[in-house]
Amino acid sequence: MTRTSAGLCPQPSAHGGVAARAAGEGEGDSTTPLRAHPASGPGVPVRAPLRSIHWNRNEGEGTDVGGSRAAFGAKIRPAMGSGSRRTGVLALVGALIFAASSLGIAGPALAASHELDDPTIPDNLDVPVVLIGGGGGGFLPATYISINGSDPILVSVDTGTSGLVLDPDAIQNPTTPVVNTDVKAGVDYDGTGLTGFIAHGTFTIQGVSTEHPVAFINGTECTTPECPGGETGTVGVLGVGPEVSHYPGGDANSTFAAINQLPGTLKDGFTIDFTGASPHLRLGPIGKAGAQDTVVQRTQKDSEVKPNGQKVFVDPTLCWSITAGPDFAQACNTTVLDTGQTGGVIHGAEFDPVVDPSTAPPIPGSGIQRQGWVKTGATVTWSASPTDAPFAGVTQGDSLPIQYGLFTIAPGIDPADAIFNAGNHFYTQHAVGFDSVSGSVIIGPTAGLPTAPGEVVAAVSDGGAVSVGWNDSTRSADADATTNFVVSAVRADGTVEQSAQTSADARELTVAGLVAGASYTFRVAAVNDIGLGPVTESDPVALPGAPATPGSGALPDSADTGSTSELAATGDTAAPIGTLGAVFLVLAGAAALGVGRSQRAGDPAAGPDRSTRGPNRRQR
Numbered sequence: 005m006t007r008t009s010a011g012l013c014p015q016p017s018a019h020g021g022v023a024a025r026a027a028g029e030g031e032g033d034s035t036t037p038l039r040a041h042p043a044s045g046p047g048v049p050v051r052a053p054l055r056s057i058h059w060n061r062n063e064g065e066g067t068d069v070g071g072s073r074a075a076f077g078a079k080i081r082p083a084m085g086s087g088s089r090r091t092g093v094l095a096l097v098g099a100l101i102f103a104a105s106s107l108g109i110a111g112p113a114l115a116a117s118h119e120l121d122d123p124t125i126p127d128n129l130d131v132p133v134v135l136i137g138g139g140g141g142g143f144l145p146a147t148y149i150s151i152n153g154s155d156p157i158l159v160s161v162d163t164g165t166s167g168l169v170l171d172p173d174a175i176q177n178p179t180t181p182v183v184n185t186d187v188k189a190g191v192d193y194d195g196t197g198l199t200g201f202i203a204h205g206t207f208t209i210q211g212v213s214t215e216h217p218v219a220f221i222n223g224t225e226c227t228t229p230e231c232p233g234g235e236t237g238t239v240g241v242l243g244v245g246p247e248v249s250h251y252p253g254g255d256a257n258s259t260f261a262a263i264n265q266l267p268g269t270l271k272d273g274f275t276i277d278f279t280g281a282s283p284h285l286r287l288g289p290i291g292k293a294g295a296q297d298t299v300v301q302r303t304q305k306d307s308e309v310k311p312n313g314q315k316v317f318v319d320p321t322l323c324w325s326i327t328a329g330p331d332f333a334q335a336c337n338t339t340v341l342d343t344g345q346t347g348g349v350i351h352g353a354e355f356d357p358v359v360d361p362s363t364a365p366p367i368p369g370s371g372i373q374r375q376g377w378v379k380t381g382a383t384v385t386w387s388a389s390p391t392d393a394p395f396a397g398v399t400q401g402d403s404l405p406i407q408y409g410l411f412t413i414a415p416g417i418d419p420a421d422a423i424f425n426a427g428n429h430f431y432t433q434h435a436v437g438f439d440s441v442s443g444s445v446i447i448g449p450t451a452g453l454p455t456a457p458g459e460v461v462a463a464v465s466d467g468g469a470v471s472v473g474w475n476d477s478t479r480s481a482d483a484d485a486t487t488n489f490v491v492s493a494v495r496a497d498g499t500v501e502q503s504a505q506t507s508a509d510a511r512e513l514t515v516a517g518l519v520a521g522a523s524y525t526f527r528v529a530a531v532n533d534i535g536l537g538p539v540t541e542s543d544p545v546a547l548p549g550a551p552a553t554p555g556s557g558a559l560p561d562s563a564d565t566g567s568t569s570e571l572a573a574t575g576d577t578a579a580p581i582g583t584l585g586a587v588f589l590v591l592a593g594a595a596a597l598g599v600g601r602s603q604r605a606g607d608p609a610a611g612p613d614r615s616t617r618g619p620n621r622r623q624r
């Protein structure tokens with residue numbers, strides 16, 4: 005949930021005015037590596053919905069703020085629909101009390117279960133989260149907090165913002181009155197927001213309280229008919245992102261993640277795990293990465309630190325690859341892993357080939373405009389650098405929760421500062437830990453993916469094309485769940501040059517349009533409804549002929565390859581082609597070139613190489 009300043013007190017930001025929209029710092033188990041647990045079903049594991057969400061979404065060409073998030077300056081929020089929101093909230097009181105008791109949330113009488121000087125405050129604390137479901141398949145994660153011993157307050161948990169924001173009248177029956185300062189403050193979530201004042205209060209979550217009052221925005225008036233949260237029953241936003249916003253009055257009025265102001269080691273990080281039957285937010289150190297986990301390192305933002313001395317980190321850079329049939333696009337970009345956003349957001353003309361155009365009016369509060377949706381059935385994957393194999397993937401659906409839109413960049417935002425958004429469906433497939441001390445992010449593996457294909461064999465055929473064959477004999481009984489295979493041509497420096505999808509029964513692909521004289525490996529991975537499985541790589545194959553002269557536009561010796569590269573699936577369901585074995589032996593000597601890891605100079609998609617996986621391996 006990315007917020008924008010409402011103009012009462014501009015928020016400093018490295019993203020052209022977008023305040024506190026970075027992914028949150030994280031914490032988790034200090035000894036146990038992250039592990040994703042099987043979800044309750046193929047969709048989003050919605051738990052105890054308090055009320056259905058009416059998403060302001062029009063499938064046609066009219067107003068559509070759909071499942072996409074204005075990651076460049078605003079957040080799509082649930083629409084309120086008809087009727088009074090306050091009346092709706094009162095109608096939810098019974099459900100909220102029941103949900104609070106079922107989640108084990110401490111009310112005022114229980115808030116003192118951990119005194120501030122209590123030596124039994126744990127190193128890690130599991131906070132239950134309810135995933136409030138909507139009819140369109142989206143969800144909003146929420147939990148309960150208390151301010152100054154108040155009645156439980158249902159707030160959304162948002163890695164896309166960093167400060168605590170409460171709706172008017174959210175604080176009921178505090179043991180100590182909450183007093184506003186005279187510092188005006190406001191926040192706008194894509195046109196749905198509130199105004200109010202900076203206030204100070206003791207923050208309590210799951211019975212543990214902050215040692216000192218935290219600064220938060222105490223709303224006095226909503227700027228639109230619906231306050232943030234719409235009809236979800238939430239009356240506030242608990243931002244857990246890493247940013248800090250400075251208001252007049254010094255550090256006492258700085259707003260940043262309240263969970264980073266808890267005592268002991270609870271402030272050192274957090275882990276979000278929505279993958280199992282009990283979605284939760286685990287506060288505390290995130291521990292070490294396991295063998296199947298992926299580690300992404302965030303960098304410090306302009307040497308900035310929070311009032312408590314913790315560093316402020318920017319969002320991680322992830323490399324996105326999208327394959328839709330024979331079309332392929334990729335880009336490395338700052339990416340927010342956002343619990344508060346249902347759909348995903350990308351931008352850039354490089355994605356045009358994998359997107360079905362579909363325009364819509366600019367999204368209120370952000371000015372960005374939808375240009376289209378990623379093609380249904382496309383495979384979206386993420387890697388830690390341009391030279392890494394994908395660590396995660398998903399198949400694009402035709403509706404929420406798996407839907408990625410191509411959007412313009414908000415006015416006034418430098419394209420270099422515009423970010424992508426992975427959407428909160430990412431969290432239904434992975435446990436994700438954010439370290440508040442080092443800035444590292446540990447992303448757990450996905451359960452339920454297909455296994456890796458068997459041996460992949462690649463050999464040069466007539467005209468300089470390459471025949472790629474693979475077998476599926478080593479795959480599990482889940483093979484019938486495979487929807488397609490993705491085959492990628494990988495340059496010697498590790499970057500993907502081409503990628504294409506085949507049918508589920510294909511076992512061969514002809515790759516054309518590669519650079520003469522260059523060396524390639526070929527990755528093959530199976531895809532099912534959950535996502536992309538692990539890849540199997542061929543040995544390197546060297547194409548004959550001298551490399552093309554830079555800028556000449558020369559292509560391999562094929563009269564009909566055209567001016568662009570192509571990957572064409574043959575649809576052959578046989579085992580790897582019989583002649584490949586003999587040809588492969590002939591090419592083995594030339595293939596001993598070795599596979600380098602250096603970046604391609606001048607490649608706009610090549611960000612810093614954060615790979616820790618070592619040289620390319622035949623199976624990943």
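When we follow this note's numbering, the leftmost residue of the sequence shown carries the number 5, and every step to the right adds one. Glycine included, each C-beta is placed from N, C-alpha and C at the ideal position. Computed from a predicted structure; not experimentally measured.
Quick one, are the C-beta atoms of residue i and residue j less than 8 angstroms apart?
i: residue 539; j: residue 328; result: no
i: residue 160; j: residue 144; result: yes
i: residue 485; j: residue 428; result: no
i: residue 391; j: residue 236; result: no
i: residue 171; j: residue 240; result: yes
Counting along the chain, where does the alpha helix (DSSP H) carrying residue i start and finish?
i: residue 433; result: 430-433
Quick one: give me the first and last residue of the beta strand (DSSP E) that residue i is part of.
i: residue 286; result: 284-287
i: residue 409; result: 408-411
i: residue 304; result: 304-309
i: residue 247; result: Premise fails: residue 247 is in no beta strand (DSSP E) and is neither H nor E.
i: residue 204; result: 196-205
i: residue 511; result: Run containing residue 511: none; DSSP gives neither H nor E here.
i: residue 319; result: From DSSP, residue 319 is part of no beta strand (DSSP E); its letter is neither H nor E.
i: residue 227; result: That residue, residue 227, is in no beta strand (DSSP E); it is neither H nor E in DSSP.
i: residue 188; result: 184-193
i: residue 129; result: 129-132
i: residue 301; result: 298-301
i: residue 525; result: 523-531
i: residue 376; result: 374-378
Go through its chain and collect everything with a Cβ distance to residue i's Cβ below 7 angstroms, but skip five positions before and after it.
i: residue 341; result: 27, 163, 426, 430, 436
i: residue 366; result: 372, 373
i: residue 309; result: 315, 316
i: residue 413; result: 76, 351, 372, 419, 422
i: residue 608; result: Summary for residue 608: the model assigns pLDDT 33, below 50, so the residue's position carries little reliability; its value from the coordinates is reported in the next sentence. Same-chain partners within the cutoff: there are none.
i: residue 411; result: 72, 349, 351, 372, 373, 374, 375
Checking the sheet assignment: what are the DSSP bridge partners for residue i?
i: residue 505; result: 490
i: residue 148; result: 158
i: residue 398; result: 384
i: residue 240; result: 170
i: residue 548; result: Per DSSP, none; premise fails for residue 548.
Can you check which of these residues, the options, is closest to residue i by C-alpha distance?
i: residue 179; options: 170, 200, 156, 402; result: 156
i: residue 333; options: 204, 348, 359; result: 359
i: residue 325; options: 494, 137, 541, 257; result: 494
i: residue 330; options: 151, 504, 127, 518; result: 504
i: residue 397; options: 422, 355, 454; result: 454
i: residue 537; options: 487, 199, 411, 124; result: 487
i: residue 464; options: 417, 448, 416, 516; result: 516
i: residue 133; options: 200, 280, 225; result: 280
i: residue 467; options: 344, 514, 304, 527; result: 514
i: residue 520; options: 548, 502, 501, 509; result: 548
i: residue 388; options: 319, 127, 380; result: 319
i: residue 266; options: 149, 277, 338, 363; result: 149
Between which residues of its own chain and residue i is the CB-CB distance below 8 angstroms, once the five residues before and five after are set aside?
i: residue 253; result: 185, 187, 202
i: residue 152; result: 175, 178, 179, 180, 181, 182, 205, 206
i: residue 131; result: 147, 209, 210, 284, 285, 286, 287
i: residue 258; result: 219, 248, 249, 250, 251, 310, 311
Does the beta carbon of residue i come closer than 8 angstroms to any beta carbon on chain B?
i: residue 537; result: The chain inventory of the structure shown lacks chain B, comprising one protein chain alone.
What residues in its chain sit with their C-beta under 6 angstroms from that of residue i, if we drop five residues either side in the sequence?
i: residue 228; result: 196
i: residue 217; result: 204, 205, 206
i: residue 534; result: 452, 453
i: residue 213; result: 206
i: residue 443; result: 302, 317
i: residue 523; result: 496, 544, 546, 597
i: residue 255; result: 311
i: residue 225; result: 199
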